[in-house]
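Chemist:
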């Protein structure tokens with residue numbers, strides 16, 4: 003099993019804006035040292051309560067990742083995820099290509115169709131229907147790949163149009179696309195375009211059903227589902243006892259998703275939950291720590307990650 007470390011580019015423990023980036027940089031370095039494959043930040047103007055918690059200062063994700071790239075050597079860097087309804091394909095393609103160049107080929111672009119209505123309200127923007135957002139995701143995934151791979155790009159979509167568009171510099175390697183979301187139309191885009199699929203707090207049972215649905219979409223697209231790395235974004239709340247972990251989770255006010263709390267418990271509890279995920283078909287766990295507790299992060303890196311790697315080896 004592979005692991006990703008997801009964090010906010012915000013909320014310094016000291017309360018000082020000057021400490022936002024130093025803390026972010028150290029989290030990335032610690033994740034790399036612990037053997038995490040990915041380091042991701044959110045791409046929201048308005049913090050997303052299920053992950054970010056209360057409104058706090060937030061760095062621009064692309065500038066933050068570019069800075070992190072200069073402080074790390076191996077870990078892949080991504081936004082988890084960028085809302086295609088708030089960015090154009092050329093903007094996303096250029097930002098991602100620039101990050102790839104700065105990082106020496108470690109960029110991975112995460113795309114999503116946006117489902118946080120409060121963000122649109124805060125920006126004074128209309129909230130598109132789910133079907134319209136899914137169309138924009140499909141067009142963006144296709145157009146971004148064209149911009150990365152072709153000398154010039156002409157694209158005629160319902161939502162985006164390009165005429166002899168040029169993107170330089172190109173990424174240093176063939177970039178991978180992650181698409182997040184679980185709707186039928188989103189799964190169709192995953193089957194057509196994505197190298198990774200990401201599902202937020204699904205729980206093992208629902209993940210198995212989503213993988214089955216993705217397999218049907220892959221069959222329709224003529225693609226081998228094994229070519230797509232299945233990942234989840236999971237909340238981790240660790241404590242010495244299961245009861246203490248549940249109390250900690252309740253104190254955080256973290257919401258359930260479909261009756262699923264996240265990875266809550268002792269290291270042994272969390273290992274068991276991840277093994278259930280593995281049995282359902284999970285390849286990669288992208289984890290975040292809502293309390294940003296350094297001891298919990300260290301415990302996960304020292305007790306959970308090695309155990310899962312040994313189980314797979």
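Residue numbers (our numbering): 3 to 315. Don't be surprised by glycine CBs; every beta carbon is placed ideally from N, CA and C.
#1: What is the rounded straight-line gap between the Cα of residue 33 and the Cα of residue 7?
#2: Measuring CB to CB, does residue 68 end up less than 8 angstroms from residue 22?
#3: Identify every residue that forms a DSSP beta bridge with residue 236.
#4: Is it true that the stretch 233 to 241 meets the stretch 277 to 293, where meeting means three or more beta-carbon pairs spaced less than 8 angstroms apart?
#5: From which residue to which residue does the alpha helix (DSSP H) around residue 83 run?
#6: Can you give me the C-alpha to C-alpha distance between residue 162 and residue 107, rounded to a whole angstrom?
#7: Within the continuous beta strand (DSSP E) that includes residue 299, where are the two ends?
#8: Mapping the DSSP letters down to three states, classify residue 133 as helix, strand or coil.
#9: On the three-state DSSP scale, how would you describe residue 195?
#10: When you compare the CB positions of residue 116 and residue 85, do they come within less than 8 angstroms of one another, or not?
#11: Rounded to whole angstroms, how far is the Cβ of residue 154 from the Cβ of residue 94, which I believe are closer than 8 angstroms?
#12: Pairs of beta-carbons, one from the stretch 187 to 203 and one from the stretch 221 to 229, closer than 8 angstroms: are there three or more?
#13: Give me, in chain order, the residues of the same chain whose beta-carbon lies closer than 6 angstroms to that of residue 187; leave out the 5 immediate sequence neighbours on both sides.
#14: Check each candidate in 300, 260 and 81 and name the one with the smallest Cα separation from residue 66.
#15: Excluding sequence positions up to five away, which residues of its chain have a Cβ less than 8 angstroms from the Cβ of residue 169?
#16: Using three-state DSSP, classify residue 3 as helix, strand or coil.
#17: Nearest-angstrom Cα distance between residue 217 and residue 227?
#18: Run the CB neighbour count on residue 261, radius 10 Å, all protein chains shown included, and call it buried at 16 or more, exposed below.
#19: Residue 179: which of 110, 205 and 39 sits nearest, CA to CA?
#20: Over what stretch of residues does the beta strand (DSSP E) that includes residue 229 continue unbroken?
#21: With distances taken from CA atoms, which of 35, 263 and 48 is nearest residue 78?
#22: Spell out the partners DSSP gives residue 40 in its beta bridges.
#23: By DSSP, does residue 311 sit in helix, in strand, or in coil?
#24: From the DSSP output, which residues share a beta bridge with residue 45?
#25: What are the boundary residues of the alpha helix (DSSP H) that includes residue 96?
#26: Can you give me the start and stop residues for the alpha helix (DSSP H) that residue 119 sits inside?
Modeler: The answer reads as follows:
#1: On the chain shown, position 31 is the one that residue 33 refers to. On the chain shown, position 5 is the one that residue 7 refers to. In a straight line, the C-alpha of residue 33 is about 6 angstroms away from that of residue 7.
#2: If you number the chain shown from 1, residue 68 lands on position 66. If you number the chain shown from 1, residue 22 lands on position 20. Going by C-beta atoms, residue 68 is not nearer than 8 angstroms to residue 22.
#3: One-based indexing of the chain shown puts residue 236 at position 234. Note: residue 236 sits in a beta bridge opposite 289.
#4: yes
#5: Mapped onto the chain shown, residue 83 falls at position 81. From DSSP, residue 83 is part of no alpha helix (DSSP H) but of the beta strand (DSSP E) over 78 to 85.
#6: Mapped onto the chain shown, residue 162 falls at position 160. Mapped onto the chain shown, residue 107 falls at position 105. One C-alpha to the other measures close to 27 angstroms.
#7: Position 297 of the chain shown, counted from the start, is the residue given in the question as residue 299. Where residue 299 is concerned, there is no enclosing beta strand (DSSP E), although the alpha helix (DSSP H) it sits in stretches over 296 to 301.
#8: As a first step, residue 133 must be located in the chain shown, where it is residue number 131. Note: residue 133 maps to helix in three-state DSSP.
#9: On the chain shown, position 193 is the one that residue 195 refers to. Judged by DSSP in its simplified three-state form, residue 195 adopts helix.
#10: Taking the first residue of the chain shown as 1, we reach residue 116 at position 114. Taking the first residue of the chain shown as 1, we reach residue 85 at position 83. It is a contact, given that the beta carbons lie within the stated cut-off.
#11: Here residue 154 is taken as the residue at index 152 of the chain shown, counted from 1. Here residue 94 is taken as the residue at index 92 of the chain shown, counted from 1. Cβ atoms of residue 154 and residue 94 stay farther apart than 8 angstroms, at about 18 angstroms.
#12: yes
#13: Residue numbering aside, residue 187 sits at position 185 when the chain shown is read from its first letter. Excluding positions up to five away in sequence, the list reads 136.
#14: In the chain shown, the residue the question calls residue 66 occupies position 64. For residue 66, the nearest C-alpha among the options comes from 81.
#15: Translated into positions along the chain shown, residue 169 becomes position 167. Hits under 8 angstroms: 92, 95, 96, 99, 149, 150 and 155.
#16: Your numbering for residue 3 matches position 1 in the chain shown. It is coil, neither helix nor strand.
#17: On the chain shown, residue 217 is found 215 positions in, with the first residue counted as 1. On the chain shown, residue 227 is found 225 positions in, with the first residue counted as 1. Using only the alpha carbons, I get a separation of about 6 angstroms.
#18: On the chain shown, residue 261 is found 259 positions in, with the first residue counted as 1. Exposed, by the Cβ-count rule.
#19: Working through the chain shown from its first residue, we reach residue 179 at position 177. Measuring from the Cα of residue 179, the nearest candidate turns out to be 110.
#20: As a first step, residue 229 is located in the chain shown; it is residue number 227 there, counting from the start. Run containing residue 229: none; DSSP gives neither H nor E here.
#21: Start at 1 with the first residue of the chain shown, and residue 78 comes out as number 76. Looking at the Cα atoms, 35 is the closest of the given residues.
#22: Counted from its first residue, the chain shown places residue 40 at position 38. Its beta-bridge partners are 6 and 78.
#23: Here residue 311 refers to the residue found at position 309 when the chain shown is read from its first residue. Collapsing the DSSP output to three states places residue 311 in a helix.
#24: The count along the chain shown starts at 1 and reaches residue 45 at position 43. For residue 45, which the question treats as bridged, DSSP gives the partners 84.
#25: In the chain shown, residue 96 corresponds to position 94, counting from 1. 91 to 105 is the extent of the alpha helix (DSSP H) around residue 96.
#26: Along the chain shown, read from residue 1 onward, the residue named residue 119 stands at position 117. Note, residue 119: alpha helix (DSSP H), 119 to 125.
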